[in-house]
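Only one structure is covered here, and it is reproduced in the block below.
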Amino acid sequence: MAAVDLDEFERLLAEGEAEPVEGWDFSWFDGRATEERPSWGYSRLLADRLSAAEIALDLQTGGGEVLAEAAGDGTRLVATEGWPPNAAIAAQCLRRLGGTVVLAAEDGLLPFRDRSFDLVTGRHLIVEPWPEIARVLRPGGTFLTQGVGSGTNRELYEFFLGPQRGDDRSDDAAADRAADKARAAGLEVLDVRHERLRVVFHDVGAVVYFLRKVVWTVPDFTVAKYRPRLAELHRKIVVEGSFVSHSRRYLIEARRVNGRS
Numbered sequence: 001m002a003a004v005d006l007d008e009f010e011r012l013l014a015e016g017e018a019e020p021v022e023g024w025d026f027s028w029f030d031g032r033a034t035e036e037r038p039s040w041g042y043s044r045l046l047a048d049r050l051s052a053a054e055i056a057l058d059l060q061t062g063g064g065e066v067l068a069e070a071a072g073d074g075t076r077l078v079a080t081e082g083w084p085p086n087a088a089i090a091a092q093c094l095r096r097l098g099g100t101v102v103l104a105a106e107d108g109l110l111p112f113r114d115r116s117f118d119l120v121t122g123r124h125l126i127v128e129p130w131p132e133i134a135r136v137l138r139p140g141g142t143f144l145t146q147g148v149g150s151g152t153n154r155e156l157y158e159f160f161l162g163p164q165r166g167d168d169r170s171d172d173a174a175a176d177r178a179a180d181k182a183r184a185a186g187l188e189v190l191d192v193r194h195e196r197l198r199v200v201f202h203d204v205g206a207v208v209y210f211l212r213k214v215v216w217t218v219p220d221f222t223v224a225k226y227r228p229r230l231a232e233l234h235r236k237i238v239v240e241g242s243f244v245s246h247s248r249r250y251l252i253e254a255r256r257v258n259g260r261s
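Take the sequence shown: its letter number 46 is residue 46 in UniProt numbering, and every next letter is one higher.
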């Protein structure tokens, strides 16, 4: 097996550890990692739905980057975020668009009145609060979300954690469950899609940064704890040219039926 270039290994680890993780901007990965995008084009769909909305709510907005890029003129924007550092970034990002950011826990009640929004959106939500979404939607209002399917980046987290039980290997399982919950909350499901997408890491520093930023992938990750596995991963990438994993994404669009709670 190829020997590890220790100087290169340490340099890459240091780069992955040094980059700030606040916000939801992934441009640091340019040239270091790639992820296929779903064919439906969430940002394009978001921009289209925003253009027709009077007032919109974006849940768990991160740093507000996705919402800000898609938003046009004429729509009042409100967003929630549960992590204070991200909420501060989002507030600055959305201020130029007249948007408001509210600090709110992902798994709590939404701090808004019933029937407040004609559009609710969310990309890669930690929690999808279906009853709350239905409550704050106006009759006829819609909810658009791109979710993360179970088993996302299985190859990556099993490299560090070993084989894991309990993750659905069916690509559509998470989408079907989410659609069922939407219906149970009184929403009419208009569209359900799902795809399996290729993720490629070109150096171990990109893996370090990814695991620091997307913390639920390997929940106890630190460089110190996983240094031996990181050395093995570095060796593997040097020999094979990359490390390949796969993400799972689903799209759901649902509507609050007139007169239903």
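Note that beta-carbon positions come from the ideal geometry of N, C-alpha and C, so glycine has one too.
{"Query": "Per DSSP, cross-strand counterpart(s) of Tyr209", "Result": "Bridge partners of Tyr209: none, in fact."}
{"Query": "Cβ separation of His234 and Phe9, assumed to be a contact under 8 Å, to the nearest whole Å", "Result": "5 Å"}
{"Query": "Close beta carbons around Val189, own chain, < 7 Å, minus the five adjacent residues each side", "Result": "Ala179, Ala182, Arg183, Ile252, Ala254"}
{"Query": "Which listed residue (Ser27, Glu36, Arg11, Glu19) has its alpha carbon closest to that of Arg248", "Result": "Glu36"}
{"Query": "Test item: CB-CB of Ala128 and Thr152 under 8 Å", "Result": "The sequence given here places Glu at residue 128; Ala does not occur at that position. Not closer than 8 Å, so no."}
{"Query": "Three CB pairs or more closer than 8 Å across the segment 237-247 and the segment 192-207", "Result": "yes"}
{"Query": "Buried or exposed (CB count within 10 angstroms, at least 16 for buried), Asp5", "Result": "exposed"}
{"Query": "Close-in-space but distant-in-sequence residues of the same chain around Pro111 (CB under 7 Å, 5 per side omitted)", "Result": "Val102, Ala104"}
{"Query": "Residue closest to Val214, alpha-carbon to alpha-carbon, out of Leu12, Asp7, Gly16", "Result": "Gly16"}
{"Query": "Where the beta strand (DSSP E) containing Arg193 begins and where it ends", "Result": "187-201"}
{"Query": "Through-space distance from Ala71 to Leu50, alpha-carbon basis", "Result": "6 Å"}
{"Query": "For Tyr250, three-class secondary structure by DSSP", "Result": "strand"}
{"Query": "Nearest-angstrom Cα separation, counted from Arg96 out to Asp73", "Result": "11 Å"}
{"Query": "For Gln146, the first and last residue of its enclosing beta strand (DSSP E)", "Result": "137-148"}
{"Query": "8 Å Cβ cutoff met for Gly99 and Leu77", "Result": "yes"}
{"Query": "3 or more residues per run - each beta strand (DSSP E) lying fully within the segment 61-97", "Result": "76-81"}
{"Query": "Alpha-carbon spacing of Phe210 relative to Cys93, whole angstroms", "Result": "22 Å"}
{"Query": "Bounding residues of the alpha helix (DSSP H) (the contiguous stretch that carries Asp176)", "Result": "173-184"}
{"Query": "Where the alpha helix (DSSP H) through Leu110 begins and ends", "Result": "Counting along the chain, Leu110 falls outside any alpha helix (DSSP H), and DSSP gives it neither H nor E."}
{"Query": "Local conformation of Phe26 per DSSP, three classes", "Result": "coil"}
{"Query": "Through-space distance from Pro131 to Ser261, alpha-carbon basis", "Result": "Caution is warranted here: a pLDDT of 49 is assigned to Ser261, below 50, making its placement in the model unreliable, and the coordinate value is therefore given only provisionally. Going by the C-alpha atoms only, they are around 9 Å apart."}
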